[in-house]
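Everything on this sheet refers to the single structure shown next.
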Amino acid sequence: MKKQTTEGEGNKGRSNEGSKSINMKNRNWKPKEKKKMRGLSLEAFANAKSGCYNPSTIKKQREFYKNAKYVKKYKKSIKQQSQQNEVSTAIRPYEDDKKTEDGREMDMEKKKKRKKNSLTLRQLYEKKHEEEVKKRREREAIIQAKKEEREKAQARRKATRENMLKKTRSGQPVMKYRIEHILESLQDATRNGDGKTH
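What follows is the structure, given as structure tokens:
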């Protein structure tokens, strides 16, 4: 025979199933790792316990080290500058040997060199400018020639079109111009065909 379940028994079965799932979750649960807190340094710990801990002294020490760093950089830059000056003074005596007894003569020579350089530069500039002008004129001439050819071709096309559209009194097209056009196209084809080998 069938077992009759009471409402209470049915609920018990359901609650047991729920508790099983919770137990399964508890088995798989692992404790989360705690974040490690960074501790105080020994000096900070010792100073914190003693009565002589003073944050202002720490601040002063930081400033002292910062200033020492800047002083070191400054001395290093001065040293580099002095080395550069020594190199330039070593070169100067050699230049002094080149000078003549009278400083004016040297200046005149420099002026002459400058004039020569300026003349050569001016000549180079003028040559380049002339070449550019020539190129521009050639380009303009080519463009103008192409433009004239285009205009002539358009005039020819217009004339042939007018001739092709001419009609007799009765409205028939004039065959004279059409036949001439056909002959011209045949002659062009034979001229082009002579140059080519088939």
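Numbering-wise (full-length UniProt numbering), the sequence shown opens with residue 1 and increments by one. Backbone N, C-alpha and C define an ideal beta-carbon position, used for all residues, glycine too.
Which residue's Cα is closest to the Cα of A159: N67, H181, S41 and L40? H181
request  = Look at the alpha carbon of E109 and the alpha carbon of K116, and state the distance between them as a whole number of angstroms.
outcome  = 11 Å
Inset, instruction - Excluding the 5 residues preceding and the 5 following Y74 in the sequence, name in chain order all residues of the same chain whose CB lies nearer than 8 Å to its CB. - result: Taken in chain order, the list of residues that qualify is empty.
| request: Would you kindly work out how many angstroms separate the C-alpha atoms of K128 and R122, rounded to a whole number? | output: 10 Å
Within its chain, find whatever has a CB closer than 8 Å to the CB of V174; leave out the 5 residues flanking it on each side and keep chain order. Correct list, in chain order: N163, K166, K167 and T168.
Margin query: Taking only three categories from DSSP, how would you classify H198?
Written below: For H198, the pLDDT reaches just 48, beneath the cut-off of 50, and the residue's location in the model is therefore unreliable, although a value from the coordinates is still provided. Three-state DSSP puts H198 in coil, outside helix and strand.
Which of the three DSSP states, helix, strand or coil, is assigned to residue 199?
Past the boundaries of the shown model lies residue 199; the chain is included only from 1 to 198, so the question cannot be answered.
If we ignore side chains and look at the alpha-carbon of each, how far apart do K59 and Y53 end up? Each residue's alpha carbon lies about 12 Å from the other.
Run through the stretch 118-148 for me and flag every whole alpha helix (DSSP H) of 4 or more residues, listed as ranges in chain order.
-> none
Worksheet item: Based on the DSSP secondary-structure assignment, which residues constitute the bridge partners of P173?
Response: K167
Legend entry - Coarse secondary structure for G39, derived from DSSP in three states: coil
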